[in-house]
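Notes follow the structure.
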Amino acid sequence: SMYGIPYYDEIPIKYQINMMKSLNRLIKYKATGKNIIDICSLFGFPDIKIFKYYMLKDRKTDPITEEYIFNYNADGTENNEMDFDLKFLRVPLEDSPDEYIKDPDNYVDYQTITEGDRYWAENGSLSDVIRKKLFEQEFNIVRTKYLSIDTTCEMSKLAFDLPYFFNMLYDDVKLEESLKLSVPYISNSTKFKFTDIFIMIFALGYMYNGLKDSIMDTTGKILYIMGFNFKADLADLGAWVEEKGYTLEDLGASDFIIPNASILTYDQLLEIFTKNRNVYKHVTKAMLDADDKHIYDIYKKLYDSLMIMDFTNHYFRLPGTDTIASTYTEFLKYRDQTLYKILVTLNNIGMVEDSEGNKVLSSNLTERRREIDKYIQSIVIAMQEYIDSDEFRFIYSNIPGETAEFIQRYVIKVITFFKSYKIELLGMRTIYILDDQFENNMRAIDKIDHMDITYWREEIMRPEEVINILSRFAASDRCSPVDRIYISRLITSLKMYEDKVSMRDDVSLCASRTWNDRVKMQDELTYTRRIID
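Add 50 to the 1-based position in the sequence shown for the working numbering, that's all there is to it.
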């Protein structure tokens with residue numbers, strides 16, 4: 051209040067606290083590029099780039115000759131509007147434009163930037179007067195007020211980490227049940243199962259968005275899923291590999307861990323995940339690099355045995371039955387009454403009666419989301435203390451308030467307040483990187499043991515074709531050793547023709563030879579034709 055800074059209800063409290071701790075610094079560098087970098091760091095953006103924009107007066111070139119265009123007015127002065135284009139050049143905040151000006155991918159269309167800015171428009175449209183004045187100015191490149199922010203999201207890494215981590219928790223091998231953590235906001239005296247806390251997060255996420263927290267219970271369309279197969283028989287797999295002349299250690303798979311006792315600490319869980327993930331990376335890279343079908347098949351066997359698992363939702367069976375819970379809320383009713391009652395209470399917020407007296411969800415979800423957010427953030431804070439590693443930030447990537455999209459909204463709100471009229475934020479965008487070589491790879495790989503080549507009768511050379519070969523060579527032609535071999539083969543074929551074949555169109559009419567001789571001769575002549583062609 052003292053500095054006139056608004057309080058943003060929708061921004062989680064932990065980010066508000068970070069902002070207050072850095073308030074003096076934010077005010078000191080207000081409206082500068084450094085200020086924007088500091089704001090982004092408050093929200094923990096791991097992969098962020100800030101870009102500044104230059105206006106570029108770019109000379110046009112002839113599309114055919116690619117030479118610069120020069121047009122002149124009646125008074126002999128150059129016609130800049132005909133000879134130049136106006137563009138914006140996008141450059142990382144702390145870099146020089148010289149490194150980026152040669153790459154057309156860094157150019158942004160003039161109108162794309164200016165059409166949304168009222169200072170470039172006149173009566174709601176782009177002003178030709180402003181454009182004309184820009185062409186009259188003496189400049190090649192000039193810094194503008196615009197900034198933009200890009201965040202990158204490595205979808206390929208996320209697409210591995212999320213399913214493998216959660217399928218490790220919710221498979222049939224329930225060795226993680228001993229892992230527990232405290233969430234003081236919910237209870238100071240009770241510790242909750244780690245797996246139940248995640249289920250609570252799933253249910254809260256659905257509720258936050260006004261959706262039913264259904265558990266998928268249909269297996270018909272899913273045969274295998276991405277997950278470490280803790281039911282694999284490593285001894286049997288090792289014996290199979292040895293039959294092929296290798297060991298699991300030779301193939302980089304001996305570090306794969308199949309737990310056989312209760313997991314008592316989170317560090318143990320992370321060790322299993324990390325080591326098995328490293329085996330996954332090695333096996334998939336070996337499959338990509340394989341230049342022989344034999345070795346490819348061996349690594350494919352390892353992948354199929356260790357890195358995929360049967361789909362099952364048996365984890366979510368109701369106690370003493372074969373029935374799968376229909377929702378995460380229903381599942382928690384039998385697992386943890388404390389968490390279940392919180393979900394029921396939150397679900398009643400924002401419920402109103404319709405004209406027929408039925409309970410329906412109100413269109414205004416503000417209060418509901420505010421209360422849900424309190425629980426989400428308290429759980430996230432507790433989990434961050436429990437999981438003390440930035441390497442595993444991915445587990446928060448699907449939690450409302452923690453995703454890149456949510457954090458972008460917070461960043462824009464804060465930057466919008468702290469920037470001055472001298473800076474214009476064009477916006478933020480998320481760049482999704484899809485670079486998984488293994489999942490996107492398609493190749494033909496085989497092992498050739500034997501190959502037969504069959505010539506069709508139509509490919510046999512006619513006698514006059516063989517005779518005409520002589521006209522293609524000159525006495526001065528030089529030959530490489532390989533050419534000499536080919537020519538030697540050619541001469542042998544020609545001599546066969548001269549000695550054995552009568553002057554008829556069809557070589558097969560050579561009655562002086564057996565059938566096998568004629569076939570051999572035909573093959574020789576066909577080979578000759580292929581060399582010449």
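Quick reminder that beta carbons are idealized off the backbone N, C-alpha and C, glycines included.
DSSP-derived helix/strand/coil call for D555: Because D555 carries a pLDDT of 39, less than 50, the predicted location of this residue cannot be relied on, and the following value inherits that uncertainty. Of the three classes helix, strand and coil, the one that applies to D555 here is coil, per DSSP.
Skipping 5 residues on each side, what residues in its chain have a beta carbon closer than 8 Å to that of F593? There is simply no residue 593 to check, as the chain begins at 51 and stops at 583 in what is shown.
So, with DSSP's three-state summary, where would you put L197? strand
Considering only the beta carbon of each residue, do K343 and Y58 sit closer than 8 Å? no
Using C-beta distances below 8 Å, list every residue in its chain close to F381, excluding the 5 sequence neighbours before and after it, in chain order. I249, I265, F366, L368, A375
For the alpha helix (DSSP H) that contains D178, what are its first and last residues? Per DSSP, D178 belongs to the alpha helix (DSSP H) from 178-186.
Residue(s) in a DSSP beta bridge with I191: L106
Which value, in whole angstroms, describes the spacing of the CA atoms of E188 and L106? 11 Å
Ranges of the beta strand (DSSP E) found wholly within the region 104-163, counting only runs of at least 3: 134-142, 157-159
Alpha carbon to alpha carbon, what distance is there between M218 and I313? 12 Å
Below 8 Å on the Cβ atoms is my guess for Y118 versus T111; work out the distance and round it to an integer in Å. 6 Å
Let me confirm a value: T115 is counted as buried when at least 16 other C-beta atoms fall within 10 Å, else exposed. Which label applies? exposed
Option nearest I302 by Cα separation, candidates K335, L319, T315: Position check: residue 302 holds Gly in this sequence, whereas Ile was assumed. Considering only alpha carbons, the answer is K335.
Check this for me: beta carbons of I426 and I449, under 8 Å apart or not? yes
For Y65, collect the residues of the same chain with a Cβ closer than 7 Å to its Cβ; drop the 5 residues on either side in sequence, then sort them by chain order. Answer for Y65: L92, F93, Y460, listed in chain order.
Say whether the region 225-243 touches the region 126-142, bearing in mind that this needs 3 or more beta-carbon pairs closer than 8 Å, one atom from each stretch. no
Please classify Y390 as buried or exposed, where buried requires at least 16 neighbouring CB atoms within 10 angstroms. buried
Which residue or residues does DSSP assign as beta-bridge partners of F242? Answer is L231.
contact_flag[the region 342-356, the region 285-297] where n(CB pairs < 8 Å) is 3 or more: yes
Mind reading off the beta-carbon distance from L225 to P309? Whole number of angstroms is fine, and I expect it under 8 Å. 5 Å
Suppose the cutoff is 7 Å on Cβ atoms and the five residues either side in sequence are ignored; what does the same chain contact list for E403 look like? For E403, where only same-chain residues beyond five positions count, the Cβ hits under 7 Å are K409.
Determine the burial state of T379: buried for a count of at least 16 other Cβ atoms within 10 Å of its Cβ, exposed for fewer. Of the residues assessed, T379 falls on the buried side of the cut-off, its CB having 16 or more other CB atoms within 10 angstroms.
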